[in-house]
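Peer 1: Protein chains in written order, with UniProt numbering: chain A, 1 to 652; chain B, 1 to 372.
Glycine included, every Cβ here is placed at the ideal spot set by N, Cα and C.
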């Protein structure tokens with residue numbers, strides 16, 4: 001077995017007793033744990049009769065995070081339908097915008113969670129929400145970086161601009177502090193004033209830094225020249241413009257000139273008298289030690305990295321990133337022993353090691369949502385080599401299958417999972433077939449939705465099995481009409497036969513048919529099963545008889561008898577039904593028909609003899625049977641006589 | 001439509017209904033109720049889309065529905081109707097029929113009355129699938145094939161028609177004050193008259209040879225003999241209850257089950273349907289307009305209606321545009337109302353110029369500028 005990446009986490013089962021052996025069973029996402037009968041030696045007491053469900057992923061049950069799943073499902077489906085035949089340079093902006101929509105969904109969720117965390121009274125809930133917010137923050141940070149490095153894949157020059165945006169987006173407290181300072185009575189005397197200015201400079205927001213400095217400059221007449229010089233330096237810093245006609249080399253040259261100018265100012269000790277301005281100048285020159293002195297303002301090593309690159313190597317190429325990333329992380333985090341998970345994930349991203357990023361995220365998060373969607377997007381950008389895993393399909397499909405299986409566990413989100421399975425070409429269909437049969441069906445409406453899913457994907461086995469479940473339930477509740485409709489839908493002849501027998505039994509006991517609105521209107525569906533056809537035709541016979549269309553009724557009855565689709569138990573009933581027709585004044589059955597009836601009767605009575613030896617039949621029943629047969633024989637004979645006479649008569 | 005945005009609400013919406021506005025006040029509706037399904041804890045919720053501002057105001061974000069209050073509901077909400085301004089009747093998958101009272105001052109909901117297990121089967125629950133109100137009378141139908149008539153102020157049922165249908169009844173609507181129309185899962189429309197004491201329908205209509213289940217039924221607001229139904233195959237049928245027992249028009253509206261069909265209450269030339277295939281269509285009979293369809297904006301999809309038979313002669317002025325059939329007068333314009341394909345749209349309601357619908361993607365869409 002391969003070695004484990006991380007130590008497994010331990011979960012305590014609260015109600016389990018000491019010394020008892022626990023048994024367990026795996027589910028798609030949960031584990032069932034129960035007490036077994038086995039005890040360790042010396043243990044006393046019996047086990048409890050509880051079954052514990054250990055759930056790894058609590059997030060799908062959070063009402064706010066549910067919105068994340070639904071909205072991202074919508075985006076996912078949209079992504080899959082992007083046409084394949086467009087050239088890739090047209091597709092990149094689409095992928096970037098899809099990546100941005102995913103991120104905006106994450107942000108919206110985060111904001112809502114934040115609001116609820118602040119407003120809730122329950123401390124435990126507040127901590128839980130707080131945790132979820134920080135996880136979402138981390139996720140969005142990673143996703144944003146992946147978007148910049150992998151999806152947008154900008155070249156040198158723009159790379160730094162995008163990284164600056166990335167850092168600015170994730171360090172929003174600068175604006176808050178700035179607001180606080182500006183809203184105070186005297187901004188320049190606010191204790192946070194210089195912090196704000198330095199933070200602006202660290203983030204490369206030089207315009208705003210200049211505006212803040214202008215306030216200070218307005219009040220300091222003595223150092224007016226110094227402020228003017230600083231303002232000049234700040235305004236002249238070249239910023240790479242991707243759309244301009246100047247190439248990267250030209251920008252580099254300009255930037256070096258500016259850098260030299262700043263360095264000269266520093267060497268000249270132009271800002272020596274003002275410690276703050278001197279500090280800013282040192283930052284502009286890219287002095288690492290100065291930057292490291294402001295760890296609290298930078299707060300993260302990647303901010304440090306981006307700032308250092310901004311002021312030392314603005315034309316950094318994507319391939320060179322990882323050298324600087326590693327060294328920056330080492331410099332920034334020297335006090336700590338080991339980097340946190342987030343740090344190593346970001347480092348892997350700077351390394352352009354996509355697989356490592358995905359792997360680390362899979363381990364760190366308890367939900368496959370993030371890795372599944374990110375991998376799918378990266379796969380669409382053709383960034384993942386088809387990295388076949390030891391088991392089954394490629395990485396993207398594996399992650400999507402895991403995610404969707406987790407969703408199927410949820411009582412409500414299973415509908416989303418169907419679309420995910422649809423877009424897994426290798427195993428999606430099999431997974432769907434297995435899962436969809438296990439969705440609990442409480443109402444007909446839900447069953448219809450599930451059936452629609454199965455029918456759209458041509459899964460006849462599942463259709464049959466679901467219809468059978470519904471039919472059995474209807475049968476159990478004595479809703480024969482409903483059960484019959486379900487069997488017809490499933491094209492289940494055997495069950496239809498069973499239900500028709502129930503109908504016929506009902507008729508025998510009660511003497512009338514029930515559910516006539518169904519039986520009358522079956523149409524071609526009645527041919528599903530012989531018994532069903534018999535039921536419908538038999539009812540039709542009774543209808544014709546009621547309407548006094550005796551000739552048609554007789555013909556129908558005869559065809560029912562000769563076709564032998566009636567159950568054996570019904571043969572006597574059929575003949576008894578013929579009795580009133582035989583007794584009519586006018587001749588209804590022709591001679592030929594009478595012969596057929598007689599033949600049928602003989603066939604029936606010949607099978608009687610062994611049956612009468614059956615001791616179950618009481619003497620009375622036997623008598624009734626014999627009387628009926630006698631009556632029939634008599635009626636048939638009389639009818640035959642009349643028919644022969646009638647047919648032999650020449651019409652006058 | 002540009003003015004339709006999704007609001008994700010963390011519950012699959014099975015029904016949405018506008019609260020009725022009093023006809024004297026010419027306001028647009030701004031409060032609607034929703035019911036959820038397939039949750040472990042289902043809820044009915046009441047939402048508001050902000051003040052009924054002046055038309056034309058910038059209202060993209062203000063139009064976002066805000067939750068006013070919600071209440072736990074036992075079982076899926078299979079149907080929901082407003083009994084009056086304050087009371088809502090729901091049909092549950094446990095077979096219960098409940099009247100909820102919405103207290104507007106405190107924005108709370110309480111249960112006013114409940115008939116638990118109104119619909120039941122011997123062994124299992126029988127979901128109550130449809131409810132329709134004509135205050136104070138409430139008629140409910142269920143999967144057990146029963147039709148029950150309640151009165152809001154009475155404890156027990158006023159009348160129960162047992163075994164009204166051998167199959168499940170899917171929806172019910174009032175035809176007149178004493179007559180109702182039900183549709184069932186073998187494609188039959190049955191007319192029931194409460195003045196008669198028998199427990200059989202006074203009329204049965206169905207599409208011969210076809211047993212496609214019907215899921216929804218709606219009556220034309222002005223002409224009581226015109227009824228529209230939607231079925232499992234997405235076909236929209238328009239029937240004339242007086243004549244014949246086959247539908248007048250058959251239109252291939254959707255590619256999957258049609259869950260709801262509504263005539264616009266004040267402008268019945270407009271019809272709205274929503275379906276399992278994730279689309280919501282707005283149908284408009286263009287018999288009075290001379291503008292060719294391709295000049296009208298939106299994603300238009302003209303469908304030609306097929307009629308089963310030509311309309312009988314008689315009073316031309318009363319024949320609705322819906323029944324005009326192939327004669328060329330009844331060209332129908334359809335517009336998709338939702339911006340993109342979603343999961344099933346389970347329910348819609350339209351009142352005035354406002355349309356609300358709920359989907360299985362746990363989203364609610366509100367459109368306040370429906371062109372009617």
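1. List the residues of chain B that residue 415 (chain A) touches, going by C-beta distances under 7 angstroms, in chain order.
2. Entirely within the stretch 399-472 of chain A and at least 4 residues each: give me those alpha helix (DSSP H) ranges in chain order.
3. Taking the alpha carbon of residue 81 (chain A) as the point to measure from, which residue in B:340, B:247 and B:356 has its own alpha carbon closest?
4. So what's residue 64 (chain A) in DSSP terms, helix, strand or just coil?
5. Between the Cα of residue 374 (chain B) and the Cα atoms of B:175, B:206, B:35 and B:276, which residue gives the shortest distance?
6. Would you call the stretch 122-133 of chain B in contact with the stretch 75-82 of chain B, where contact means no fewer than 3 C-beta pairs closer than 8 angstroms?
7. Apply the 10 Å Cβ neighbour rule to residue 115 (chain B) and answer buried if 16 or more other Cβ atoms are within range, or exposed otherwise.
8. Where do the ends of the beta strand (DSSP E) carrying residue 367 (chain B) lie?
9. Between B:156, B:117, B:93 and B:152, which has its C-alpha nearest residue 127 (chain B)'s C-alpha?
10. Given a cut-off of 7 angstroms on the beta-carbon distance, is the pair residue 39 (chain B) and residue 99 (chain A) in contact?
11. Can you tell me where the alpha helix (DSSP H) holding residue 192 (chain B) begins and where it ends?
12. Hey, out of B:161, B:173 and B:143, whose CA is closest to residue 196 (chain B)'s CA?
13. Check this for me: beta carbons of residue 35 (chain A) and residue 406 (chain A), under 7 angstroms apart or not?
14. Please confirm whether residue 588 (chain A) and residue 574 (chain A) have their CB atoms less than 7 angstroms apart.
15. Between the stretch 313-328 of chain A and the stretch 218-234 of chain A, are three or more C-beta pairs nearer than 8 angstroms?
16. Should the stretch 598-609 of chain A be called in touch with the stretch 631-646 of chain A, which here means at least 3 C-beta pairs below 8 angstroms?
17. Name the residue from B:214, B:199, B:19 and B:265 whose alpha carbon lies nearest to the alpha carbon of residue 89 (chain B).
18. Do residue 99 (chain B) and residue 113 (chain B) count as a contact pair if the criterion is CB distance below 7 angstroms?
19. For residue 525 (chain A), which residues of its own chain have a beta-carbon under 7 angstroms away from its beta-carbon, when the five flanking residues on both sides are left out?
20. With a 10 Å radius around its C-beta and 16 neighbouring C-beta atoms as the bar for buried, classify residue 10 (chain A) as buried or exposed.
21. Go to residue 227 (chain A), then tell me how far its alpha helix (DSSP H) extends in each direction, as first and last residue.
22. With 7 angstroms set as the bound, which would you pick, yes or no: does the beta-carbon of residue 4 (chain B) sit closer than that to a beta-carbon of chain A?
23. So with Cβ pairs under 7 angstroms, would you call residue 127 (chain B) a contact of chain A?
24. Between residue 122 (chain B) and chain A, is the shortest Cβ-Cβ distance under 7 angstroms, so that the two count as touching?
25. For residue 17 (chain B), go through chain A and note every residue whose CB falls closer than 9 angstroms to its CB, in chain order.
26. Under 8 angstroms by Cβ, that's how I've got residue 566 (chain A) and residue 534 (chain A) pegged, so tell me the actual separation to the nearest angstrom.
27. Rank A:558, A:151, A:385 and A:48 by C-alpha distance to the C-alpha of residue 576 (chain A) and give the top, closest one.
28. Roughly how many angstroms lie between the CA atoms of residue 547 (chain A) and residue 451 (chain A), to the nearest whole one?
29. Looking only at its own chain, which residues have a Cβ that is under 7 angstroms from the Cβ of residue 459 (chain A), when we skip the five neighbours before and after it?
30. Give the straight-line distance between the Cα atoms of residue 115 (chain A) and residue 220 (chain B), rounded to the nearest whole angstrom.
31. With a cut-off of 7 angstroms, does the C-beta of residue 71 (chain A) fall near any C-beta of chain B?
32. Does residue 320 (chain A) come out as helix, strand or coil in the three-state DSSP assignment?
33. Leaving out the 5 sequence neighbours to the left and right, which residues in its chain are closer than 7 angstroms to residue 410 (chain A) when beta-carbon positions are compared?
34. Could you tell me whether the Cβ of residue 491 (chain A) comes closer than 7 angstroms to any Cβ of chain B?
35. For the stretch 517-542 of chain A, which residues have a beta carbon sitting closer than 8 angstroms to at least one beta carbon of chain B?
36. Please report whether the beta-carbon of residue 398 (chain B) lies at a distance below 7 angstroms from any beta-carbon of chain A.
Peer 2: The short version:
1. 343 and 360
2. Runs of the alpha helix (DSSP H) inside the stretch 399-472 of chain A: 414-422, 428-436 and 444-456.
3. Distances from the alpha-carbon of residue 81 (chain A) to those of B:340, B:247 and B:356 put B:340 closest.
4. helix
5. No answer is possible for residue 374 (chain B): the residues shown for chain B start at 1 and end at 372.
6. yes
7. buried
8. 363-367
9. The residue among B:156, B:117, B:93 and B:152 with its C-alpha nearest the C-alpha of residue 127 (chain B) is B:93.
10. no
11. Here residue 192 (chain B) belongs to no alpha helix (DSSP H); instead the beta strand (DSSP E) covers 188-193.
12. For residue 196 (chain B), the nearest C-alpha among the options comes from B:161.
13. no
14. no
15. no
16. Using a Cβ-Cβ distance cut-off of 8 angstroms, the stretch 598-609 of chain A and the stretch 631-646 of chain A are in contact, since at least three pairs of beta carbons, one from each stretch, lie closer than that value.
17. B:19
18. yes
19. Answer for residue 525 (chain A): 488, listed in chain order.
20. exposed
21. 224-236
22. no
23. yes
24. yes
25. Those within 9 angstroms of residue 17 (chain B) in chain A number zero; the least Cβ separation is about 17 angstroms.
26. 5 angstroms
27. A:558
28. One C-alpha to the other measures close to 41 angstroms.
29. 433
30. 46 angstroms
31. Yes, contact with chain B.
32. helix
33. 60
34. no
35. 517, 518, 521, 522, 523, 524 and 525
36. Here chain B has residues from 1 to 372 only, and residue 398 (chain B) is not among them.
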